[in-house]
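Here is the structure we will look at.
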Amino acid sequence: MNPSSSTTAEGALPGHGAHDAHGDHHDHPNYLVDGTTIKSWLLTVDHKRIAIMYLVWILLFFLVGGIFAMAIRIEMLTPGPTIMDAMTYNRTFTLHGVIMIFLFMIPAIPAVFGNFVLPLMLGAKDVAFPKLNLASLYIYLAGAFLALWGMLNGGLDTGWTFYTPYSTHTTTSVAPVLFGAFIIGFSSIATGLNFIVTIHTMRAPGITWFKLPLFAWALYATSCIQVLATPVIGLLLAVVTGEQLFQFGLFDPARGGDPVLFQHLFWFYSHPAVYIMVLPSFGVMSEVVATFSRKNIFGYRAVAYSSLGIAFVGFFVWGHHMFVSGQSTFDAGVFGVLTMLVGIFTAIKVFNWVGTVYKGAVDFKTPFAYFCGFLFFTVFGGMTGIAVATTSLDVHWHDTYFVVAHFHFIMVGATVMAFLASIHYWFPKMFGKMYHEGWGLVAAAFIILGFNATFIPQFLVGNYGMPRRYFEYPERFQALNVASSAGASLLAFGFIIVAVYLTYALAYGRASGKNPWRSKGYEWVSDSPPPTHNFVGPQPTFPEEPHLYVDPKKAEVPDAV
Amino acid sequence: MQSSAHTAGATPGGVPRLAGHFASLEVQNHAARLGMWLFLSTEILLFAGLFVCYAVYRYAFPEAFAASSRHLDLTFGTINTIVLITSSLTAALAVHYAKEGKNKLVVWMFALTIAMAGAFLVIKGFEYSHKFHEGALPGPHYRMAAVQMAGAPLYFTIYFLATGLHAFHVIVGMTVLGWLMVRVIRNPNLGPNNYTGIELGSMYWHLVDLIWIFLFPLLYLI
Amino acid sequence: MSNLADKILFLPERASTFAEKVDDLHYFVVAVTMVSSIAVGLAAIFMFFRYRRRVPNQATEYVVPNLPTEFLFVSVPLVFFLLWFAIGFRDFVWYTTPPKNTYDVYVMGKQWMWKFAYPEGPNGVNVLHVPAGRPVRLLITSRDVLHSFFVPEFRVKMDAIPGRYTQLWFEATKPGTYQVLCTEYCGLSHSKMWAEVVVLSPEDFEEWLKEQKRGRLASRQDALADTSLVPPVARMAEQGQHLAGTQGCFKCHTMDGAPHIGPTFLGMYDRVEKLENGQTIRVDEAYITQSMMDPGAHIVAGYKNVMPTFQGKLQGPETAAIVEFIKSLRTQNVREGASEGPAYEPIQ
Chain A
1 MNPSSSTTAE
11 GALPGHGAHD
21 AHGDHHDHPN
31 YLVDGTTIKS
41 WLLTVDHKRI
51 AIMYLVWILL
61 FFLVGGIFAM
71 AIRIEMLTPG
81 PTIMDAMTYN
91 RTFTLHGVIM
101 IFLFMIPAIP
111 AVFGNFVLPL
121 MLGAKDVAFP
131 KLNLASLYIY
141 LAGAFLALWG
151 MLNGGLDTGW
161 TFYTPYSTHT
171 TTSVAPVLFG
181 AFIIGFSSIA
191 TGLNFIVTIH
201 TMRAPGITWF
211 KLPLFAWALY
221 ATSCIQVLAT
231 PVIGLLLAVV
241 TGEQLFQFGL
251 FDPARGGDPV
261 LFQHLFWFYS
271 HPAVYIMVLP
281 SFGVMSEVVA
291 TFSRKNIFGY
301 RAVAYSSLGI
311 AFVGFFVWGH
321 HMFVSGQSTF
331 DAGVFGVLTM
341 LVGIFTAIKV
351 FNWVGTVYKG
361 AVDFKTPFAY
371 FCGFLFFTVF
381 GGMTGIAVAT
391 TSLDVHWHDT
401 YFVVAHFHFI
411 MVGATVMAFL
421 ASIHYWFPKM
431 FGKMYHEGWG
441 LVAAAFIILG
451 FNATFIPQFL
461 VGNYGMPRRY
471 FEYPERFQAL
481 NVASSAGASL
491 LAFGFIIVAV
501 YLTYALAYGR
511 ASGKNPWRSK
521 GYEWVSDSPP
531 PTHNFVGPQP
541 TFPEEPHLYV
551 DPKKAEVPDA
561 V
Chain B
1 MQSSAHTAGA
11 TPGGVPRLAG
21 HFASLEVQNH
31 AARLGMWLFL
41 STEILLFAGL
51 FVCYAVYRYA
61 FPEAFAASSR
71 HLDLTFGTIN
81 TIVLITSSLT
91 AALAVHYAKE
101 GKNKLVVWMF
111 ALTIAMAGAF
121 LVIKGFEYSH
131 KFHEGALPGP
141 HYRMAAVQMA
151 GAPLYFTIYF
161 LATGLHAFHV
171 IVGMTVLGWL
181 MVRVIRNPNL
191 GPNNYTGIEL
201 GSMYWHLVDL
211 IWIFLFPLLY
221 LI
Chain C
1 MSNLADKILF
11 LPERASTFAE
21 KVDDLHYFVV
31 AVTMVSSIAV
41 GLAAIFMFFR
51 YRRRVPNQAT
61 EYVVPNLPTE
71 FLFVSVPLVF
81 FLLWFAIGFR
91 DFVWYTTPPK
101 NTYDVYVMGK
111 QWMWKFAYPE
121 GPNGVNVLHV
131 PAGRPVRLLI
141 TSRDVLHSFF
151 VPEFRVKMDA
161 IPGRYTQLWF
171 EATKPGTYQV
181 LCTEYCGLSH
191 SKMWAEVVVL
201 SPEDFEEWLK
211 EQKRGRLASR
221 QDALADTSLV
231 PPVARMAEQG
241 QHLAGTQGCF
251 KCHTMDGAPH
261 IGPTFLGMYD
271 RVEKLENGQT
281 IRVDEAYITQ
291 SMMDPGAHIV
301 AGYKNVMPTF
311 QGKLQGPETA
321 AIVEFIKSLR
331 TQNVREGASE
341 GPAYEPIQ
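Protein chains in written order, with the working numbering: chain A, 1 to 561; chain B, 1 to 222; chain C, 1 to 348.
Structure representation (structure tokens):
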């Protein structure tokens with residue numbers, strides 16, 4: 001094979017061991033069929049099988065959270081009670097938040113796609129601690145089931161932020177739900193720990209730090225946050241559970257406690273948590289834009305450093321959730337200016353993604369369609385984040401639907417778009433099959449349009465003055481609420497289309513071949529789907545940087561930036 | 001980081017199993033240590049929340065906190081500190097002996113460590129029962145006549161949460177060291193190439209000690 | 001022009017000096033957000049077409065940013081972000097620093113209503129009267145859990161925290177009635193915890209204060225200027241008054257202190273009365289309710305046992321409303337000496 005050719009078929013990278021053209025061998029079956037008993041799945045230590053199991057449960061919880069979301073939007077159609085009473089509604093929005101954040105958003109991209117793709121990207125056989133990986137899945141499920149049990153047995157009505165003193169006095173089932181979230185925290189820490197050690201110790205020879213795929217950089221930054229921030233919320237969840245049961249009064253003013261201290265401790269985790277939710281999506285998008293523009297990422301080091309920058313500075317901005325909570329003006333100033341700095345890192349990434357498309361060779365496939373939606377939503381959502389970070393403006397917007405729209409733009413508009421892009425981009429890698437491209441684009445259109453129709457009215461109704469967590473609202477807010485609910489139906493319809501054609505593709509999709517996107521990302525060196533130990537023969541080497549699509553006969557390729 | 005050079009047969013000790021996904025034994029040991037350091041950092045952040053609560057409430061109720069602190073048993077606390085620091089010494093010695101392949105001494109060191117941890121818990125138990133009798137209990141159960149000030153119940157809430165969480169970690173540490181001890185008894189094959197498990201267990205124990213070293217002055221001394 | 005912007009952005013009218021300050025920055029930030037989103041979007045769409053893939057394995061140029069480009073990418077947004085921070089923080093400092101001559105009102109949030117107390121004046125529930133053109137400072141606390149006091153037209157908001165006071169100041173610019181909404185989740189009826197701010201011209205406000213001191217029913221503190229802003233559950237006193245009319249209470253009880261067949265409602269609540277059998281009783285919710293259900297049980301000395309029972313005629317919430325109505329007729333008089341027997345004087 002010509003080692004420096006970039007136009008060989010299937011985008012094979014030079015330097016990897018020879019094997020025949022088919023995806024699997026007789027003696028190296030792919031991971032899906034290597035062992036077909038239930039036990040071989042439930043007790044697997046193969047990161048790919050663990051990722052698939054995570055995927056099943058995460059999609060299930062996304063469905064449950066989504067059903068709660070639809071219930072909310074239906075209830076919001078009229079100013080008065082529509083389909084439920086006040087206590088039910090209060091439980092519904094709480095559970096929508098708890099499920100979506102703790103059971104879906106935090107694990108979604110890392111536990112599914114990080115688990116599946118990271119070792120492949122590093123040329124490794126597995127993650128550093130495969131048994132810990134399996135344990136993280138079961139810990140996650142244990143916590144999730146405990147939380148769900150609590151939801152069915154009394155529910156929780158405090159909002160996902162469970163501010164004290166209300167959360168320590170309410171008679172709903174605080175303890176099981178919060179303790180379930182506490183248990184899930186251990187899973188998050190285990191995943192983060194695993195990824196950090198994997199990236200440090202298991203890179204194939206030739207993959208220096210500045211040749212790491214950007215998805216790996218993003219996972220690294222995310223894992224640092226997971227490891228450092230999650231213990232703080234873990235402690236808080238345990239303490240509040242105890243307070244609810246035993247009334248210690250650590251945050252109860254009647255016993256000398258300070259409710260604002262609770263908020264500080266809560267947001268110290270929960271702000272970095274939003275970066276846990278969004279950084280992996282930035283990493284995925286870097287991979288997708290490079291593959292589908294068939295071009296190197298524009299400013300590799302800038303993107304890599306900006307992930308670290310977000311992780312680091314993100315720890316110092318939590319007070320922007322508390323501008324009107326009674327914290328001092330000085331604090332507001334410090335948190336306000338640091339939040340502006342965090343915004344810069346995202347701006348850097350946006351410019352670099354757009355720069356990647358510049359002079360590229362764009363193939364507008366479904367993952368790229370999601371990238372388009374993602375780009376617009378990240379800019380708009382990110383800028384509205386800067387807007388609410390402006391202290392004087394946040395006085396009006398705090399705890400209104402403006403903030404709800406802002407964070408849904410990022411959480412749904414960025415992360416869920418990236419999640420969908422990941423599913424579509426790595427579908428052939430994971431299953432060796434392709435889905436129907438036309439339906440993919442149709443669904444993406446519904447989702448992107450439906451998303452806009454759902455959440456732009458929420459910005460406006462927040463401006464108008466509608467607070468969040470409102471079961472009944474003054475009549476003047478109705479028109480915008482109806483518009484938002486209509487959009488939500490479109491959005492839901494889009495998701496249903498995706499579920500249908502992907503399920504169909506799992507069963508009847510045509511074979512994808514090893515590298516249908518002709519990508520030069522490192523994970524495409526392995527077969528699709530990969531064999532159990534990822535590579536056959538000696539460990540592959542990766543002499544070139546990832547996503548190098550130049551024609552070597554033309555201009556000089558500078559050293560990797 | 002210790003080197004784990006394969007000096008062919010020159011020193012005693014067996015060769016541990018290399019897990020299939022690691023490139024070499026050295027990488028495996030490095031990964032294990034890195035993983036343990038990361039885990040220890042999570043433990044530090046877990047306690048950090050309680051330290052923050054302590055700091056904030058001490059600032060809000062300085063006299064109540066000082067007065068309540070006077071009512072802790074300084075003798076017991078000091079003995080506990082000495083016991084725990086000594087147990088850290090024996091844990092460190094266990095690692096030293098493990099590197100030299102002296103399996104029996106490793107078992108003894110761990111046994112001593114566990115025994116001292118047990119002593120720590122016993123003394124803590126005495127302290128707790130004394131608190132129960134005095135009425136120095138968290139939140140609504142507080143009824144200590146000696147210190148009736150706003151903020152005193154809060155002090156004891158933090159005291160019980162922090163020392164209780166710490167005691168829980170002491171128990172976990174004892175279990176981990178005990179399990180390691182049993183493994184060494186069953187399979188005495190430690191050596192310069194094979195002591196990572198002992199090292200990790202000992203690292204965990206040092207963290208448990210370190211947390212106490214911060215708790216003790218904050219709760220007992222100031 | 002700004003009216004058009006307000007319509008598109010659904011911004012409520014500006015009714016305070018802070019609103020006028022803040023909306024300028026609002027327009028600036030929103031405009032730049034829209035422009036940059038559209039610019040990025042258009043640039044992206046343009047590039048999708050201009051640089052579309054023409055052959056499957058098309059090779060591309062290796063493009064990296066040079067240092068000046070990177071510097072531009074970082075510094076342009078940074079300048080905007082820091083500018084907004086500077087303007088916003090300057091305004092925020094102004095917002096959190098009340099001027100010296102504010103008119104103070106104490107606000108207490110409680111599940112699920114707002115109580116207002118003037119230092120030298122009346123207390124009331126769910127209605128706040130303030131003068132226009134004068135800085136007003138609200139000293140806010142909570143009785144139970146966190147609440148938050150939000151007036152969209154003023155662009156002001158501040159959390160109500162149990163166990164301490166927070167403050168919020170504003171200067172209303174014109175008379176009108178504006179809604180207050182609770183903006184921190186506080187339980188079952190969080191979304192009905194509304195109140196209203198009635199901004200009066202300075203002269204009208206002085207007049208109102210005088211009326212309050214006289215205690216005349218028609219302009220009592222709780223008289224809602226705009227009944228659509230506060231949900232019905234908070235208007236129990238009015239409901240009670242209505243019921244008292246339809247149930248025939250006013251045939252025997254007066255509201256203005258005049259003696260009649262039964263004791264007058266004015267100042268009735270919380271009075272200590274002597275009963276026929278010599279016992280004393282405090283007129284609280286329980287006694288008033290009992291008087292409606294079983295009037296003959298405890299009769300105040302000097303009155304005849306002629307009151308009919310309303311058991312079966314009044315539902316629970318209705319008796320509660322009547323109790324609230326009677327409570328609203330408390331007087332301002334300060335009692336001197338030991339509190340025994342009827343201690344009120346009819347107000348002229």
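Ideal placement from N, C-alpha and C gives every residue a C-beta, glycine not left out.
Since we're looking at a predicted model, the values are computed, not measured.
Does DSSP put Tyr353(C) in a helix, in a strand, or in coil?
Given that chain C is displayed from residue 1 to residue 348, the structure contains no residue 353(C) and the question cannot be resolved.
Which bits of chain A does Arg155(C) rub up against, with CB to CB less than 7 Å?
Val395, His396
Checking 7 Å against the spacing of the C-beta atoms, do Ala91(B) and Thr75(B) come in under that value?
no
Below 8 Å on the Cβ atoms is my contact criterion, and I expect Gly173(B) with Tyr204(B) to pass it. Report the Cβ-Cβ distance as a whole number of Å.
6 Å
Is Gly275(C) helix, strand or coil when you go by DSSP?
The question names Gly, yet the displayed sequence has Leu at residue 275(C). Assignment of Leu275(C) by DSSP, reduced to helix, strand and coil, places it in the strand class.
Measuring CB to CB, does Thr208(A) end up less than 7 Å from Phe298(A)?
Taking 7 Å as the Cβ cut-off, Thr208(A) and Phe298(A) do not qualify as a contacting pair.
For Asp551(A), which residues in chain C fall below 7 Å Cβ to Cβ?
Ala59
In three-state terms, what does DSSP make of Gly341(C)?
Unreliable positioning characterises Gly341(C) in this predicted model, as indicated by a pLDDT of 42, which lies under 50. The coordinate reading is nonetheless provided below. In the structure shown, Gly341(C) sits in coil (DSSP, three-state: anything other than H, G, I, E or B).
Return the first residue and the last residue of the beta strand (DSSP E) that Thr280(C) is part of.
280-282
Can you give me the C-alpha to C-alpha distance between His169(B) and Leu265(A), rounded to a whole angstrom?
22 Å
Going by alpha carbons, who is nearest to Leu89(B) out of Gly139(B), Ala66(B), Trp108(B), Pro138(B)?
Trp108(B)
In three-state terms, what does DSSP make of Asp204(C)?
helix
Simplified DSSP state of Asp363(A), which is helix, strand or coil
coil
When the Cα of Leu237(A) is compared with those of Ala181(A), Gly192(A), His321(A), Ser187(A), which residue comes out closest?
Ala181(A)
Taking the alpha carbon of Pro365(C) as the reference point, which residue from Thr319(C), Pro295(C), Gln315(C) has its own alpha carbon closest?
Only positions 1 to 348 of chain C appear in this structure, which leaves residue 365(C) out of reach.
May I ask you to report which of helix, strand or coil DSSP gives Glu196(C)?
strand
On a CA-only basis, which of Asn115(A), Leu460(A), Thr44(A) is nearest Lys7(C)? Give me that one, please.
If we check each option's Cα against that of Lys7(C), Leu460(A) comes out closest.
Which residues does DSSP pair with Asp252(A) in a beta bridge?
In the DSSP assignment, no residue is bridged to Asp252(A).
Spell out whether any CB of chain A is found under 7 Å from the CB atom of Gly101(B).
Residue contact with chain A for Gly101(B): absent (no Cβ-Cβ distance below 7 Å to any residue of chain A).
Can you name the residues of chain D whose CB is closer than 7 Å to the CB of Pro138(B)?
This model lacks chain D altogether; the protein chains it does include are A, B and C.
If I follow the unbroken beta strand (DSSP E) through Pro135(C), where does it start and stop?
Start and end: 135-142.
Alpha carbon to alpha carbon, what distance is there between Arg294(A) and Ala59(C)?
7 Å
If I follow the unbroken alpha helix (DSSP H) through Gln478(A), where does it start and stop?
For Gln478(A), the enclosing alpha helix (DSSP H) starts and ends at 478-508.
What do you get for Asn463(A), buried or exposed, if any count of 16 or more other CB atoms within 10 angstroms of its CB means buried?
Asn463(A) comes out buried.
Using a C-beta to C-beta distance shorter than 8 Å, which residues of chain A count as neighbours of Gly187(C)?
Chain A residues near Gly187(C): Asn90, Asp157, Tyr166, Thr170.
Minimum Cβ-Cβ distance from Ile610(A) to chain B less than 7 Å
Residue 610(A) is absent from the model: chain A starts at 1 and stops at 561.
Excluding five sequence neighbours on each side, which residues of the same chain lie with their C-beta closer than 6 Å to the C-beta of Met149(B)?
Ala64
Asp91(C), enclosing alpha helix (DSSP H) - first and last residue:
67-96
Using 8 Å as the cut-off, can you tell me whether the segment 439-446 of chain A makes contact with the segment 484-504 of chain A, which would need three or more C-beta pairs spanning the two stretches below that distance?
The answer is yes - the segment 484-504 of chain A touches the segment 439-446 of chain A, with three or more Cβ pairs under 8 Å.
Pick from Gln458(A), Ala229(A), Leu120(A) that is closest to Tyr401(A), judged by C-alpha positions:
Gln458(A)
With distance defined between alpha-carbon atoms, name the residue in Pro253(A), Thr158(A), Leu132(A), Gly513(A) nearest to Arg468(A).
Thr158(A)
Give the residues of chain B in contact with Ala124(A), contact being defined as C-beta atoms less than 7 Å apart.
His21
Alpha-carbon to alpha-carbon, Gly440(A) and Ala499(A):
10 Å
Go ahead and pull the three-state DSSP assignment for Asn153(A).
coil
When DSSP labels each residue in this structure, what does Thr7(B) get in the three-state scheme?
Its pLDDT being 38, under 50, Thr7(B) is placed unreliably in this model, and the coordinates cannot settle the point.
Within-7 Å CB hit, Ala150(B) to chain A
yes
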